[in-house]
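Presented below is the structure to which this report refers.
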Amino acid sequence: MKFKATKLILVVVALLVSSSMFSQLKVSKLFNNHMVIQRNQNINVWGTHKKGKKVTVTFNNKAYKTKTNSNGAWKIILPEMKEGGPFEMTIKSGKESIKISDILIGDVWVCSGQSNMEWLVKNSNNAIVEITNAHDSNIRHFKVPLSSANAPENELAGGEWTVTNSKNVGDFTAVGYFFAKNLRNNNNNVPIGLINTSWGGSRIEPWMSAEVLGIENAKEFFDQVQKKSDAEFNKQTAIYKKVFPYLTEEDQGFKNNEPLWAKPDLDESDWIQIKVPSMWENEGFEGLDGFAWYRTSFNLTEEEASKPITLGLGKIDDSDYVWLNGNKVGETIQEYGKTRVYNVDAKNLKEGINVIAIRVDDTGGGGGIYGDAKDLFLKTSNGTVSLAKKWSFKVGSFRKPFMGVNQISTLLYNKMIYPLLNFPIKGTIWYQGESNANSLEEAEKYSELFPTMIKQWRKDWKIGDFPFLWVQLANYMAPQDASVESNWALLRESQSKTLNIPNTGEAVIIDLGEATDIHPKNKQDVGYRLALAAKKIAYNQDLIYSGPTFKSQEIKGNKIVVSFNHLGSGLITKDKYGYVKGFSIAGADKKFVWSKATIENNKVVVWNDAIEKPLYVRYAWADNPDDANLYNIENLPTSPFRTDN
C-alpha cells in the first residue's frame, strides 16, 4: 500500500506541475530591462500562459492583442521602428502584468563561437583602462547561459541585459564589446545590442541542427558518440600508463585530503621535465583531462626570506592549487583566462631552497600552465627572476572525459540558438575553429560545415541573408618549417573559402596571435577589424575593410609573380629593410622551401635560387607564421593562401 500511495502522490504532483507550467504570464527571457530591439524590422514579442488567455502588449503608446493557442503559446508582431529610446513595454493578461523598462531600438548582433568569443573584457589587454573608460550606455550585453538540449527548445535557460558601465563591462565578450565600440564611433545614434551565445572549447557541430547534419535518431547518435569517447579514453590511458604506470582516475598526489606531492622533500626521480609556459597538449599529452602536478624550486637569501614575495604563475587551465614549502598559498578555480599572481607572506619562506608545487585540474579541452613567459616570475625584495623554464611534471590522474556537450552535435544549437530565432537581428560575428583544427581531415571538413551552418542559421532566422562575419584563426604554437603541413593553415583556408557566400566577411588576425597562448589578449584589434567588415558589408560604407587576398599567380622563369585583390592604397612590408617574409615555393614535387620576395608594382615576386621551375607558392602557411609581414597601406594583413590546392 505504501508503494501504491507513493505512486499516486507522484502522479498527482506530475499533473500539478504539468498544469502549472504555463499558469503564469511569461515572456521570452530576451525581454527584460535594458534590452535592445532590432530597428527597421518587425518586432516579435512572444511567451506563454494558460491556453485561451487574452494577452495585450502595449509599446510606444499603442496596444496589440492576441490569445494563447492550445499549447499556451502566444506571439504578437509589432511594426518596425527606427532607432531610438528609451521606451517601456507592458504585457498584460487579466490581473497579471509584466513591465519592461529602458528599451532601446538599434542594431542587435549575435556573438557566437568558442572561448575567444567568450573571452572577457577584464582578461584582455589594457583591461583597467578599458573598464574605467566604459561609459557608453547605448551598448548593451545579453549573456546566454551555458546550456544544452537533446532537441530544440523554445526557451532560454536564463539571461539578462546589462548596460555598459565600469561595473558591468568587465564581464562582456571582449571581441563583441570592441566591435560595438568601433561601430558606435561612426554612428553614435544607433544603439548596439550584443547577444553573447558562446561556449569555450566548442566545436562547430554543436552549433548546427540535426537536420543539416543528417541526424535522424538522436538517441542512437548519442550512444555512438559515447562509445567512440570510451574507446578513445581507453586508447589514451594505455599510452599514458607507459609513462605513468600507476595512473588511475583518482589523483595519486592528493589522498585523504592530503597533498602528498606538495611535500618539499618529495623524491622527484620518476617525474619528467616539461616546458612552462605551454599547454600540456603541446608537450605530448594530447587529450589529457584530470589532475597533474608541477614542481620547481628557487633560492632565497636570509634577507629575501624575511619579507613577502610575489609569485606570477601565468594562466592556468582550468583550476590551480598552489603550495610553497608544503604550505598552501593560493588557489584559483575555473578561470582559465585569468593570469595568476599570488602574494606570499614571509612565514611561508625560508633561507635557501624553497619548493613550489602546483596541482592543476583540467576538466576538458586544453590544460596546464600557459600564456606569456613574462607572466611567470618570482619577485623578491631584491628583484625579479623568471620562472619560465623546465619544471618537474607528473600526472596525478587521467579522468574519463565528461561527454562535453560543447563537443556533441546539435546540443548547443538546440538551447543557445534555437530560442533566439524569433528575435530579429542585424547580423552575426563568429570566432570559432580552434576545436575543429585537430587534424588535416577535420580542418578540411570545416570547409563544408561552416557554410552549411551559415546557410542554416539564415534559413532558420527567416530574415534573409543577414551579414555573417567571422575571425580567421590567429597565429599560434611554435613556428614550423616550410615543408610541414599545418592543420591551422588548412582551417584558415576553409574559413576563407566561405567568403563565396554573399554578405559575409572575414577579419584576418594572422599577426595578433601569441605562440604560447591560444587566447590572444589583443581583442581590441580583433573587434576593430570585424567592425571594418561590418561597416562595409552591413552598413554599406565606402572604406578599405580587408587586407590583401590572393588573386592570381604568373610564372616567369624561376620566379612566381603574385597578384592580389583588396590592395587598398598599395602593398607594404613591415620589415624596416623592406624584405617580404612568409613566402615559400615548390616545384612539381610540392616540397616547399622558404623563399625571397619583393614588392614590385603592387605585386609580389617570389623565388628561391634552388628552385629552377617553380609551380606553387604559399604565404603564411603554418600554425604560426610569425614573420609574415605583407600588408596594405591601411595596415591590414594579407590573408594566408596557397596555390597547390
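Numbered per mature numbering (1 follows the signal peptide of the UniProt record, and there is no 0), the sequence shown spans residues -23 to -1, 1 to 622.
Beta carbons: idealized from backbone N, C-alpha and C, even for Gly.
A quick note: this is a predicted structure, and the numbers were derived from the prediction, not measured.
- Message: Using the Cβ count rule (16 or more neighbours within 10 Å means buried), how would you classify Thr309?
- Response: buried
- Once you ignore the five residues that flank Gln18 on each side, which residues in its own chain have a CB closer than 8 Å to its CB? Glu57, Pro401 and Ile440
- Helix or strand or just coil, what does DSSP make of Glu589? coil
- In angstroms with no decimal places, state the Cα-to-Cα distance between Ser(-6) and Lys31. The pLDDT assigned to Ser(-6) is 42, lower than 50, so where the model puts this residue is not dependable; a value taken from the coordinates is nonetheless given after this. Taking the straight line from one Cα to the other gives about 21 Å.
- Task: For Ser540, name the three-state secondary structure that DSSP assigns.
- Result: strand
- Message: Less than 6 Å between C-beta atoms, sequence neighbours within five positions excluded: which residues of the same chain meet that for Thr615?
- Response: Gly524, Pro525 and Leu607
- Task: Spatial neighbours of Leu123 within its chain, please: CB distance less than 6 Å, with the 5 preceding and 5 following residues excluded, ordered by chain position.
- Result: Trp176
- Identify every residue that forms a DSSP beta bridge with Trp86. Leu171 and Gly404
- Determine the direct distance from the alpha carbon of Lys212 to that of Ile68, and round the result to whole angstroms. 57 Å
- Item | Continuous beta strand (DSSP E) stretch holding Val22: start and end | Ile20 to Thr25
- Task: Have a look at the DSSP bridge pairing and note the partners of Gly289.
- Result: Val318 and Phe354
- Query: Under a Cβ-count criterion, where at least 16 other Cβ atoms within 10 Å of its own Cβ denotes burial, should Gly150 be classed as buried or exposed?
  - Reply: The sequence shown places Thr at residue 150, rather than the Gly named in the question. Buried, since its Cβ has 16 or more Cβ neighbours within 10 Å.
- Message: One question on the structure: do Pro168 and Leu81 come within less than 8 Å of each other, judged by their Cβ atoms?
- Response: yes
- Run of the alpha helix (DSSP H) containing Lys422, from where it starts to where it stops: Leu417 to Trp438
- Query: For Asp552, does the count of other Cβ atoms within 10 angstroms reach 16, so buried, or fall short, so exposed?
  - Reply: exposed
- Item | Alpha-carbon spacing of Gln433 relative to Lys39, whole angstroms | 35 Å
- Message: Given this structure, state the Cα-to-Cα distance separating Gly147 from Ile108, to the nearest angstrom.
- Response: 6 Å
- Task: Using DSSP bridges, identify the partner residues of Val253.
- Result: Lys366
- Three CB pairs or more closer than 8 Å across the region 332 to 343 and the region 290 to 306: yes
- Query: From what residue to what residue does the beta strand (DSSP E) around residue 630 run?
  - Reply: Examination of residue 630 is not possible in this model, given that the chain is present from -23 through 622 alone.
- Query: Taking Thr340 as the reference, which of Arg376, Lys366, Lys371 and Lys580 has the closest Cα?
  - Reply: Arg376
- Evaluate contact between the region 566 to 583 and the region 511 to 520, counting only Cβ atoms and requiring at least three cross-stretch pairs below 8 Å. no
- Query: Going by other Cβ atoms of all chains shown within 10 Å of its Cβ, with 16 needed for buried, is Gln250 buried or exposed?
  - Reply: exposed
- Message: If you reduce the DSSP assignment to three classes, tell me which class Phe221 lands in.
- Response: coil
- Task: Would you be able to state if there are at least three C-beta pairs under 8 Å between the region 594 to 602 and the region 494 to 512?
- Result: no
- Message: Comparing C-alpha positions only, which one of Asn142, Leu171 and Ala239 sits nearest to Val106?
- Response: Asn142
- Task: Leaving out five residues on either side along the sequence, give the residues of the same chain with a beta carbon under 8 Å from the beta carbon of Tyr347.
- Result: Pro254, Ser255, Met256, Gly291, Lys292, Ile293, Asp294, Thr493, Asp494 and Ile495
- Check whether the Cβ atoms of Glu127 and Ala50 lie closer than 8 Å to each other. Checking the sequence shown, residue 127 turns out to be Asn, not Glu. It is not a contact, given that the beta carbons lie outside the stated cut-off.
- Query: What distance in whole Å lies between the Cβ atoms of Glu60 and Gly83, which are believed to be in contact at a cut-off of 8 Å?
  - Reply: 5 Å
- Query: At which residues does the beta strand (DSSP E) containing Val509 begin and terminate?
  - Reply: Checking the sequence, you will find Leu at residue 509 rather than Val. Taken as a continuous stretch (DSSP letters only), Leu509 belongs to no beta strand (DSSP E), being part of the alpha helix (DSSP H) at Lys500 to Ile514.
- Counted within 10 angstroms of its Cβ, other Cβ atoms place His112 as buried (16 or more) or exposed: exposed
- Which residues in the same chain as Thr620 place their Cβ atom closer than 7 Å to its Cβ, once the five residues preceding and following it in sequence are excluded? Gln530, Tyr593 and Val594
- Under the criterion of a Cβ to heavy atom distance below 7 Å, does Glu209 qualify as lining the ligand ADP? In the structure on display, the ligand ADP does not appear, and there are no ligands present to speak of.
- Any idea if Gln1 is buried or exposed, counting beta-carbon neighbours within 10 angstroms, 16 or more meaning buried? exposed
- Item | Terminal residues of the alpha helix (DSSP H) in which Glu281 lies | Glu279 to Ala282
- Item | Leu548, DSSP secondary structure in three states | strand
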